[in-house]
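Protein chains in written order, with the working numbering: chain E, 146 to 479; chain F, 146 to 479. Heads up, the beta-carbon is just placed ideally off N, CA and C, and yes, glycines get one too. In this text the structure is predicted, and so the values were computed from the model without any measurement. Below is one structure, written out as structure tokens; comments come after it.
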DNA sequence: TGTTAGCACTCTATCCTTTCGACTGCTAAA
DNA sequence: TTTAGCAGTCGAAAGGATAGAGTGCTAACA
């Protein structure tokens, strides 16, 4: 039904959003005529504007101001007018060349780049452990009655924790390692943590070890699940919106509440790109918008990277940057 | 020379700073009389105030406002009037009971607590590697031509990185482990990274391994040196100062520049507590103050924890919290 | 000499009014 | 359906008046 917009209405709407994104000032009929529709009179444009306003796309701050896009307008704009814009991919690629130790580092770096290139605040959320596969679990004997638990994952990350060895027999650790590998290798972190391990009665001796290891894994899961990092929170001071105290406060409050960001980024099942605009979802995103994308490394989901900024953000640029960065990361030869 | 202040002047100064810290409004002669010096006339207090102003302790926003403390006044206040105030230690201790995996976690948690208790933004900087001793370095054979490098430190932290094994002989890894232990155990990270290792000619085979290991250590050093974490940056919105846009901007800019924070926290040789107030040091801390303390775990320096907030912050409370937390952390039985 | 009451003076914050200009919506004509 | 013209609305900026808060100064007092 939104598509019932006539061609000219579409053009007017696009002009208005474009204009507003650039100037961050209410747009008048005259502005639109000047830059986008020189062959139509302002009176005509005015009647189109008034119609678009009735339909809920536009808002008049007051009668003698121009008009400002509503969240609905941004939504329409994103869905109909935003096409891929090629931003210098090279610039991006150049910045992600060095070797990384861990996934987190890659993505953290990416977050910084996204924030710098777009000039918005970027956020990054590590994928939760449903998608994290354990390659192996090993005990490393420290020969002092303790052992280190090593968790080896697809992406080479490991995690340590010292545990006590309950029994010292020559090949104890070796046997335990075999059992651990057999039980855990290839499973996801969630599977392991949520499962019950049944040991044969003759292997009761290893029960303690297994419990310790599972505890270590569970702590790791807890510390890793849905970590959120923020980059460039101070960018907000470069927007004209920040002249208004409430906007800053609002922004900082959202950005400071990582759990909030998590839910904002999370919910969209299989969709690769998520765009939340303004108060649409009753999520407290007034005057703000959040664009986020899922990231993969060699096909495996590793997290989400997003941008949060004013509702009138430059969606073209943001989407383009996120998309391209996504490709670059996925193709990293490690 | 600052001590040339008469007793009454001291009292007036303390009253004014106390009052300002509480109300964050210019303090008048009448305010001081009312709450602190009921037996002296306002005229007398006025003349004291005017004298203190001449000496650089006070500032008059304008002629018909009261007076406001200068950075010099805060400095005097901190050095002469702040005595330890006992804030409920128990509250603090309760929050730091659970077991921690790594130093970073302890101190991160502490940062959060400090921020919550003081209601200021807290920062934490991990000590640099000069103070980090390597307990052992081990290779863990993965039996696929690669090995994991494990760095074992005093505080049980380890770090992994896969490296290639250049040669597969039965006891190769074992021998390498012996050599690595001999070369690295007990040294600090800096010592290792900055040193040249000379291998006997007959051990040339291990040269590659050593180089790889040192590279891993060096990367670890880089990633760990002087990391800065911020907790509670949004606290600023609870101060009356944040009504002023420039204050917020200033604050966020400093808090966003981690390198800046690093230098601010760093320079004070052996001093345990560092207090920087306002523009004293030309560090761009206008209207702000930064209080920081060095932290130890079992006598070993692990980092610095600090609080950044408005110049008129509650120094008593902040210093008390930092001191007590310092004791608690150092005594953690692990 | 130090302290004090009294008073003139200064400056801000607030409120009101006026003016200017930016846009719009409406109407009547093309 | 489009357009020119115009009246009407509203906000932002500027100016003026007023009230209130505090100070500094002076002259008297202990």
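### Query
Mind pulling the beta strand (DSSP E) runs of 3 or more residues that sit fully within the stretch 360-432 of chain F?
373-376 and 418-422
### Message
For a cutoff of 8 Å on Cβ pairs, would you count residue 379 of chain F as touching chain E?
### Response
Taking the first residue of the second chain as position 1, residue 379 of chain F is located at position 234. Judged by the 8 Å Cβ criterion, residue 379 of chain F is in contact with chain E.
### Query
Between residue 146 of chain E and the rest of its own chain, which residues show a CB-CB distance below 6 Å, the 5 nearest in sequence each way excluded?
In the first chain, the residue the question calls residue 146 of chain E occupies position 1. Confidence is the limiting factor: at residue 146 of chain E the pLDDT is only 48, short of 50, which leaves the residue's position unreliable, though a coordinate-based value still follows. Taken in chain order, the list of residues that qualify is empty.
### Query
Which residues in the same chain as residue 206 of chain E place their Cβ atom closer than 7 Å to its Cβ, once the five residues preceding and following it in sequence are excluded?
One-based indexing of the first chain puts residue 206 of chain E at position 61. These residues qualify, in order along the chain: 171 and 213.
### Task
With a threshold of 16 other CB atoms inside 10 Å of the CB of residue 408 of chain E, please say whether the residue is buried or exposed.
Here residue 408 of chain E is taken as the residue at index 263 of the first chain, counted from 1. Residue 408 of chain E is exposed by the Cβ-count criterion.
### Query
If you draw a straight line from the alpha carbon of residue 445 of chain F to that of residue 419 of chain F, how long is it in whole angstroms?
Reading the second chain from its first residue, position 300 is the one you call residue 445 of chain F. Reading the second chain from its first residue, position 274 is the one you call residue 419 of chain F. Rounded to the nearest angstrom, the two C-alpha atoms are 18 Å apart.
#### Entry: Amino acids of chain E, ordered along the chain, whose beta-carbon sits closer than 7 Å to that of residue 401 of chain F
As a first step, residue 401 of chain F must be located in the second chain, where it is residue number 256. Chain E residues near residue 401 of chain F: 378 and 379.
### Start-to-end residues for the alpha helix (DSSP H) that takes in residue 152 of chain F
The sequence position of residue 152 of chain F within the second chain is 7, counting from 1. It spans 152-168 - the alpha helix (DSSP H) in which residue 152 of chain F sits, taken as one unbroken run.
### Query
So is residue 388 of chain E buried or exposed if we call it buried at 16+ other beta carbons inside 10 Å?
By one-based count along the first chain, residue 388 of chain E stands at place 243. It is exposed - the Cβ of residue 388 of chain E has fewer than 16 other Cβ atoms within 10 Å.
### Query
Quick one: which chain E residues come within Cβ less than 7 Å of residue 382 of chain F?
Here residue 382 of chain F refers to the residue found at position 237 when the second chain is read from its first residue. Near residue 382 of chain F (Cβ distances below 7 Å), the residues of chain E are 394 and 397.
### Task
Check whether the stretch 422-431 of chain F touches the stretch 211-227 of chain F, taking contact to mean three or more Cβ pairs, one atom from each stretch, closer than 8 Å.
yes
### Query
Using the rule of at least 16 other Cβ atoms within 10 Å of the residue's Cβ for burial, across every protein chain shown, is residue 151 of chain E buried or exposed?
Taking the first chain and counting its residues from 1, the one referred to as residue 151 of chain E is at position 6. The residue is exposed, with fewer than 16 neighbouring Cβ atoms inside 10 Å.
#### Entry: Cβ-based neighbour list, residue 375 of chain F, same chain, cut-off 7 Å, excluding 5 preceding and 5 following
Looking up residue 375 of chain F in the second chain gives position 230. Taken in chain order, the residues that qualify are 266, 268 and 400.
### Query
What residues match up with residue 454 of chain F in a beta bridge as DSSP calls it?
Position 309 of the second chain, counted from the start, is the residue given in the question as residue 454 of chain F. Partner(s): F:434.
### Task
Would you list, in chain order, the members of the stretch 256-288 of chain E that have their beta-carbon closer than 9 Å to a beta-carbon of chain F?
281, 283, 285 and 287
### Query
Are the stretch 184-198 of chain F and the stretch 464-478 of chain E touching by the rule of at least three beta carbon pairs closer than 8 Å?
no
### Query
In its own chain, which residues sit with a C-beta less than 7 Å from the C-beta of residue 163 of chain E, not counting the 5 before and 5 after it?
Position 18 of the first chain, counting from 1, holds the residue named residue 163 of chain E. Correct list: empty, nothing qualifies.
### Task
Determine whether the Cβ of residue 388 of chain E lies closer than 8 Å to any Cβ atom of chain F.
For the purposes of this step, residue 388 of chain E is taken as residue 243 along the first chain, with counting starting at 1. Output row for residue 388 of chain E: interface = yes.
### Task
Please go through the stretch 193-245 of chain E and give each complete alpha helix (DSSP H) segment of 4 or more residues, from N-terminal end onward.
216-225 and 234-240
### Query
If we count the other Cβ atoms within 10 Å of its Cβ and call it buried at 16 or more, is residue 434 of chain E buried or exposed?
What you label residue 434 of chain E is simply residue 289 of the first chain in a count that begins at 1. Buried is the call here.
### Query
What does a CB cutoff of less than 7 Å around residue 166 of chain E pick up in its chain, not counting 5 residues either side in sequence?
Start at 1 with the first residue of the first chain, and residue 166 of chain E comes out as number 21. Closer than 7 Å at Cβ, skipping near neighbours: 457 and 459.
#### Entry: 8 Å Cβ cutoff, residue 163 of chain F in contact with chain E
Here residue 163 of chain F refers to the residue found at position 18 of the second chain. Judged by the 8 Å Cβ criterion, residue 163 of chain F is not in contact with chain E.
### Task
Give the DSSP-derived three-state secondary structure of residue 290 of chain F in the structure shown.
Numbered from its first residue, the second chain carries residue 290 of chain F at position 145. Looking at residue 290 of chain F - three-state DSSP - the assignment turns out to be coil, as it is neither helix nor strand.
### Query
Excluding sequence positions up to five away, which residues of its chain have a Cβ less than 8 Å from the Cβ of residue 236 of chain F?
Within the second chain, the letter at position 91 stands for residue 236 of chain F. The residues are 262.
### Message
Quick check on DSSP: helix, strand or coil for residue 277 of chain E?
### Response
Here residue 277 of chain E refers to the residue found at position 132 when the first chain is read from its first residue. Coil, per DSSP.
### Message
Considering only their Cβ atoms, is the gap separating residue 432 of chain E from residue 386 of chain E smaller than 8 Å?
### Response
Position 241 of the first chain, counted from the first residue, corresponds to residue 386 of chain E. Position 287 of the first chain, counted from the first residue, corresponds to residue 432 of chain E. Result yes, Cβ atoms of residue 386 of chain E and residue 432 of chain E sit closer than 8 Å.
### Query
Can residue 181 of chain E and residue 202 of chain E be called in contact, C-beta distance under 8 Å?
Against the first chain, residue 181 of chain E aligns to sequence position 36. Against the first chain, residue 202 of chain E aligns to sequence position 57. No; because the gap between Cβ atoms is not below 8 Å, this pair is not in contact.
### Task
Give the DSSP-derived three-state secondary structure of residue 186 of chain F in the structure shown.
Here the question's residue 186 of chain F lines up with position 41 in the second chain. Looking at residue 186 of chain F - three-state DSSP - the assignment turns out to be coil, as it is neither helix nor strand.
### Task
Report the option in F:239, F:451 and F:465 whose CA atom is closest to the CA atom of residue 272 of chain F.
Start at 1 with the first residue of the second chain, and residue 272 of chain F comes out as number 127. Of F:239, F:451 and F:465, the residue nearest in Cα terms is F:451.
#### Entry: Span of the alpha helix (DSSP H), counted from its first residue to its last, around residue 337 of chain F
The residue labelled residue 337 of chain F in the question sits at position 192 within the second chain. That run of the alpha helix (DSSP H) goes 334-339.
### Query
Buried or exposed: residue 380 of chain F, going by 16 or more other Cβ atoms within 10 Å of its Cβ?
As a first step, residue 380 of chain F must be located in the second chain, where it is residue number 235. Burial call: buried.
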